[in-house]
Amino acid sequence: MTDQEMTVVEHLTELRKRIMWVLAVFIVALIAGFFLAGPLIEYLKQEPIADGVPIISLHPSDALRVYMQFAFLIGIVVTLPVALYHIWRFVSPGLNVNEKRGSLYFIPAACFLFLIGIVFGYYVVFPMIMQFMTNMTANIGADPNYGIAEYFGFMFNMVIPFGILFQLPIIVMFLTRIRILNPMRLAKMRRFAYFGLAVVGITLTPPEIVSDILVTIPLLLLYEMSIWLSRIVYRKQLREQAEWESEYQYETDEAVR
1 MTDQEMTVVE HLTELRKRIM WVLAVFIVAL IAGFFLAGPL IEYLKQEPIA DGVPIISLHP
61 SDALRVYMQF AFLIGIVVTL PVALYHIWRF VSPGLNVNEK RGSLYFIPAA CFLFLIGIVF
121 GYYVVFPMIM QFMTNMTANI GADPNYGIAE YFGFMFNMVI PFGILFQLPI IVMFLTRIRI
181 LNPMRLAKMR RFAYFGLAVV GITLTPPEIV SDILVTIPLL LLYEMSIWLS RIVYRKQLRE
241 QAEWESEYQY ETDEAVR
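In structure tokens, the structure reads:
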């Protein structure tokens with residue numbers, strides 16, 4: 001009982017140490033992001049998406065709020081691979097050699113898909129929504145003057161969810177690896193998944209059929225990619241299990257002889 005309690009204490013100590021490392025990296029990245037926020041804000045204000053849209057300050061704290069939003073996003077992007085690496089290091093003692101090597105590849109893939117999701121949200125979804133909202137504002141005879149905090153806050157609300165949604169293939173691969181999901185189960189859930197992704201796509205886009213299609217189709221393709229990747233992982237698991245059973249059967253036969 002004492003050994004088990006010591007093992008739990010050691011695990012909790014290691015977990016605390018890794019959390020402290022992640023928090024330290026996040027704080028450093030947050031500070032660096034605060035200094036990088038200014039040039040990034042100016043760059044985004046010059047982008048064609050914001051071209052012709054007057055962006056004004058409506059409150060004395062608007063500039064600080066926008067700086068903190070960008071610093072937080074930069075901190076998340078920088079800290080994400082570090083956090084995933086420490087999660088992998090924490091759970092790796094319970095994995096075999098093949099599982100360690102395979103799960104390590106999830107880290108760069110997850111970071112890459114997160115960035116791809118942000119780029120997709122900014123260059124595909126956000127312009128459609130801004131164009132729709134600007135037209136609606138013009139239709140009621142109002143001037144489209146946006147507060148800088150509201151403009152960038154609205155942008156983050158549209159962009160960051162796509163960075164999270166694009167993690168779907170990695171999550172599916174991981175759940176397949178630990179045998180919670182498999183490609184057969186995902187195929188059976190296809191109709192419900194399509195419906196849920198369509199609802200998400202329609203909710204995050206303006207009430208216009210073209211925008212809905214342009215956003216929903218990539219989400220459906222992500223789900224199909226997830227099934228394909230799950231099938232690859234599942235087949236590899238079957239081969240490993242067959243090899244293990246063959247080796248076990250051989251050792252059993254040798255022992256009987």
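For the sequence shown, position 43 matches number 43 in UniProt numbering, and the numbering has no gaps at all.
Even for Gly, the Cβ is constructed at its ideal location relative to N, Cα and C.
Stretch pair the region 157-176 + the region 88-95: three plus CB contacts closer than 8 angstroms: no
In chain order, what are the residue ranges of uninterrupted beta strand (DSSP E) at least 3 long that sit wholly in the region 86-122? Counting only runs of 3 or more, we get nothing.
Candidates V200, M225, S103, S226: which alpha carbon is nearest L214's? Stepping through the sequence shown from its first residue, residue 214 is reached at position 214. L214 has its Cα closest to that of V200, out of V200, M225, S103, S226.
Exposure label - S61; buried when at least 16 CB within 10 Å: What you label residue 61 is simply residue 61 of the sequence shown in a count that begins at 1. Under this definition S61 is an exposed residue.
Do I49 and Y123 have their CB atoms nearer than 9 angstroms? What you label residue 49 is simply residue 49 of the sequence shown in a count that begins at 1. What you label residue 123 is simply residue 123 of the sequence shown in a count that begins at 1. Yes, the pair counts as a contact, with Cβ atoms nearer than the cut-off.
For G38, which three-state DSSP category applies? On the sequence shown, residue 38 is found 38 positions in, with the first residue counted as 1. In this structure, G38 counts as helix in the three-state DSSP scheme.
Per DSSP, G147 is paired with what? In the sequence shown, counting from the first residue as 1, residue 147 sits at position 147. Paired residues: I56.
Pick from Q46, I160, P169, S211 that is closest to W228, judged by C-alpha positions: For the purposes of this step, residue 228 is taken as the residue at position 228 of the sequence shown. Closest option to W228, Cα to Cα, is P169.
Sequence-distant residues of the same chain with beta carbon closer than 7 angstroms to A187, five excluded per side: Here residue 187 corresponds to residue number 187 of the sequence shown, with the count starting at 1. Cβ within range, chain order: I227.
Is it buried or exposed, T13, if we count other Cβ atoms within 10 angstroms and call 16 or more buried? Numbered from its first residue, the sequence shown carries residue 13 at position 13. T13 counts as exposed, since fewer than 16 other beta carbons sit within 10 angstroms of its beta carbon.
Determine contact between the region 64-79 and the region 14-34, defined as no fewer than three beta-carbon pairs at a distance below 8 angstroms. yes
Answer with buried or exposed for S246, where buried requires no fewer than 16 other C-beta atoms within 10 angstroms of its C-beta. Taking the first residue of the sequence shown as position 1, residue 246 is located at position 246. Classification of S246: exposed, given that the 10 Å Cβ count is below 16.
Limits of the alpha helix (DSSP H) - the one that G141 falls within: As a position in the sequence shown, residue 141 is number 141, starting the count at 1. Element bounds for G141: n/a, residue is neither H nor E.
Please look up how many angstroms separate the CB atoms of I55 and Y194, rounded, as I've assumed it's under 8 angstroms. Here the question's residue 55 lines up with position 55 in the sequence shown. Here the question's residue 194 lines up with position 194 in the sequence shown. Not confirmed; about 38 angstroms, so no contact.
In whole angstroms, what is the alpha-carbon distance linking V172 and S230? For the purposes of this step, residue 172 is identified with residue 172 of the sequence shown, where counting begins at 1. For the purposes of this step, residue 230 is identified with residue 230 of the sequence shown, where counting begins at 1. Taking the straight line joining both Cα atoms gives about 7 angstroms.
Examine the Cβ distances between the region 102-119 and the region 79-87 and report whether three or more of them are shorter than 8 angstroms. yes
Using CA atoms only, rank isn't needed, just tell me which of I148, A83, L115 is closest to I160. Stepping through the sequence shown from its first residue, residue 160 is reached at position 160. The shortest Cα separation from I160 among I148, A83, L115 belongs to L115.
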